[in-house]
Amino acid sequence: MIIILCLLLFVHPSSANLTFNFTSFNPNNHELNYQGDAAPSNTVIQLTRNQQDKEMHWSSGRVTYQKLFHLWDKDSGELADFTTRFSFTINSGDQPIYGDGIAFFLAPEGFELPPVQEGSGIGLVGGDQVVNSTLNPFIAVEFDTYKNDWDPVGDHVGININSMVSVENVTWSSLVHNGQKNIARVSYNSSAKRLSVAFTGFDQTGVIFTQRLGKVVDLKRYLPEYVSIGFSASTGDYFEIHTLHSWEFNSSLPIYEERIDPIVSEISMNSSAPSPSVFLRPVPKSKGQSKVVLGIGLGLGLSVSGLIIGFFMFGTLKKRRIIFQKKDEDEFGAPLPNLPKALPTVMFSATPITMSAFWGSPLADLTGSGRDYTMCSSSSEDAKSSKHTSSSSASSIASFVGDTE
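Residues in the sequence shown are numbered from 206 upward in steps of one, following the numbering used here.
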């Protein structure tokens with residue numbers, strides 16, 4: 206029995222996905238973490254205080270998903286694609302002045318609420334980090350309803366990187382005064398490295414239309430490999446109600462795995478090879494490394510396959526030889542003898558014979574005459590008789606030919 210054990214390496218692309226969909230929020234749902242004044246209420250989440258017996262000024266709150274989001278792979282440098290959709294309302298209750306807004310954000314694990322409660326940071330940053338938060342990095346899409354010194358006039362939607370000063374913004378045609386529900390979609394295209402935002406706007410008659418905003422940004426320059434995702438909101442001297450109604454999130458990050466396949470081949474006359482077992486070892490690879498490892502794996506696989514086929518052919522031929530030898534023994538009762546390469550030459554000798562020995566025999570009748578046909582005669586008389594016989598025979602043949610013509 207011959208056993209061959211070989212390891213074949215293959216690179217298989219897979220993906221690290223994060224997917225969830227909250228069409229409403231259950232207070233008993235343990236997939237969400239709450240900070241500050243954020244809390245579930247019936248089927249929604251109140252991000253800032255919304256209680257009749259408590260002041261609504263100077264309130265901040267956050268909600269984050271319990272699991273971290275795998276934003277990019279440190280070995281391959283690949284970035285994830287993601288899309289999140291959510292619905293929310295900001296209701297000022299017909300107040301002429303209100304604030305401050307709501308934001309969707311990505312930040313490192315352990316990103317804490319600012320120690321100082323103030324509206325201008327929208328629950329993301331506070332104090333001297335409002336305009337520069339490189340020590341506490343984040344990327345956010347803000348729906349800002351209060352004009353600070355660095356903000357444009359009116360309600361606006363902006364893309365923020367480590368600062369509440371937006372790198373891109375657009376005026377938001379909102380209906381905050383009567384609490385109209387809004388729907389927004391934030392998506393990231395890793396190939397184009399583009400962060401895009403689409404959200405509802407309202408004209409003066411209340412008709413809904415879609416507004417858009419976008420910015421090219423390499424997220425891995427600002428954020429670690431794994432990040433926390435969620436929403437934040439805040440109020441200051443002025444307030445409003447911030448309510449989250451639903452949240453859906455989908456992401457995809459390509460990951461390359463080394464697949465180690467042990468191939469066990471058992472060559473036996475009475476048994477077949479067992480099925481190989483498979484082990485997976487996740488090892489992120491760059492695209493270039495993947496091609497090299499894949500080439501090595503394929504080359505090794507072909508070599509091992511050829512070796513296995515060779516062993517099988519050798520075993521098969523050997524088995525057929527034994528079968529044929531057994532068949533010969535069964536038919537003839539014993540193995541065939543080994544013959545010599547050459548047989549001995551047999552030598553024959555004979556005594557000279559004369560026709561005189563056949564006188565009175567039937568051979569005399571076949572000649573048609575009683576002439577003397579002498580063979581191998583050594584006497585002169587015999588030679589003369591031989592010549593005479595030849596001459597007579599020639600005359601007979603000539604006579605026969607002449608008769609036939």
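Heads up, the beta-carbon is just placed ideally off N, CA and C, and yes, glycines get one too.
Identity of the residue in the options nearest residue i by Cα
i: Gly266; options: Glu260, Ile413, Asp242 and Gly332; result: Asp242
i: Ser457; options: Asn255, Asp278, Phe230 and Lys259; result: Asp278
i: Gln300; options: Leu380, Leu329, Asn222 and Asn231; result: Leu380
i: Ser396; options: Trp263, Arg254 and Glu283; result: Glu283
i: Gly331; options: Arg254, Val412 and Ser439; result: Ser439
i: Thr410; options: Gly435, Arg417, Asn353 and Ser378; result: Ser378
i: Ala264; options: Lys272, Val372 and Thr253; result: Before going on, a small fix: residue 264 reads as Ser here, not Ala. Of Lys272, Val372 and Thr253, the residue nearest in Cα terms is Thr253.
i: Asn296; options: Pro459, Glu445, His450 and Trp452; result: Glu445
i: His382; options: Asp280, Gly298, Lys259 and Asn365; result: Gly298
i: Ser413; options: Gly435, Asn394, Ile388 and Tyr393; result: One point to set straight first is that residue 413 is Ile, not Ser, in the sequence displayed. Minimum Cα distance to Ile413 is reached at Ile388.
i: Thr376; options: Tyr393, Phe404 and Asn394; result: Phe404
i: Leu223; options: Glu260, Met261 and Lys272; result: Lys272
i: Gln416; options: Asn394, His361 and Asn353; result: His361
i: Tyr239; options: Ser281, Tyr270 and Asp258; result: Tyr270
i: Tyr393; options: Thr289, Asp280 and Gly363; result: Thr289
i: Leu418; options: Gln257, Gly363 and Glu260; result: Gly363
Residue i vs residue j beta-carbon contact at 7 Å
i: Gly326; j: Gly441; result: no
i: Val391; j: Val336; result: no
i: Tyr351; j: Gly304; result: yes
i: Leu318; j: Val268; result: no
i: Phe624; j: Ile307; result: This structure leaves residue 624 out entirely; the chain is present only between 206 and 610.
i: Gly384; j: Thr294; result: yes
i: Pro357; j: Asn341; result: no
i: Phe454; j: Phe225; result: yes
i: Thr448; j: Val321; result: no
i: Pro429; j: Pro313; result: yes
i: Phe343; j: Ser433; result: no
i: Ser229; j: Leu329; result: no
i: Ile302; j: Tyr443; result: yes
i: Trp355; j: Val370; result: yes
i: Ser292; j: Lys386; result: yes
i: Phe287; j: Trp452; result: no
i: Asn365; j: Thr339; result: no
i: Ala285; j: Ile460; result: no
Helix, strand or coil at residue i [DSSP, three-state]
i: Ile528; result: At Ile528, the pLDDT of 49 sits below 50, so the modelled position is not reliable; the number obtained from the coordinates is stated separately. Residue state, collapsed to three classes: helix.
i: Met560; result: Since pLDDT at Met560 reaches only 48, below the 50 mark, its modelled position is unreliable, and no value is offered.
i: Ala325; result: The amino acid at residue 325 is misidentified as Ala; the sequence shows Ser. Note: Ser325 maps to helix in three-state DSSP.
i: Gln257; result: coil
i: Asn233; result: coil
i: Gly363; result: strand
i: Val375; result: strand
i: Asn383; result: helix
i: Asp299; result: coil
i: Leu284; result: strand
i: Leu449; result: strand
i: Phe605; result: Note on Phe605: pLDDT 41, under 50, position unreliable in the model; the coordinate value appears next. Phe605: helix per DSSP, three-state reduction.
i: Gln334; result: helix
i: Leu318; result: coil
i: Leu424; result: helix
Residue i - partner residues in DSSP beta bridges
i: Ser439; result: Ser265 and Gly306
i: Ser390; result: Residue identity differs from the one stated: residue 390 is Arg in this sequence, not Ser. Answer is Arg290 and Ala403, bridged to Arg390.
i: Arg417; result: Ala403
i: Tyr270; result: Leu237
i: Asn222; result: Ser457
i: Val346; result: Phe309 and Ile364
i: Tyr431; result: His275
i: Val249; result: Ser246
i: Phe227; result: Trp452
Check: residue i C-beta below 6 Å from any heavy atom of the ligand GTP
i: Ile302; result: Among the components modelled here there is no ligand, and therefore nothing to report on the ligand GTP.
Meets three-Cβ-pair contact criterion under 8 Å: the segment 394 to 404 and the segment 414 to 428: The segment 394 to 404 is in contact with the segment 414 to 428.
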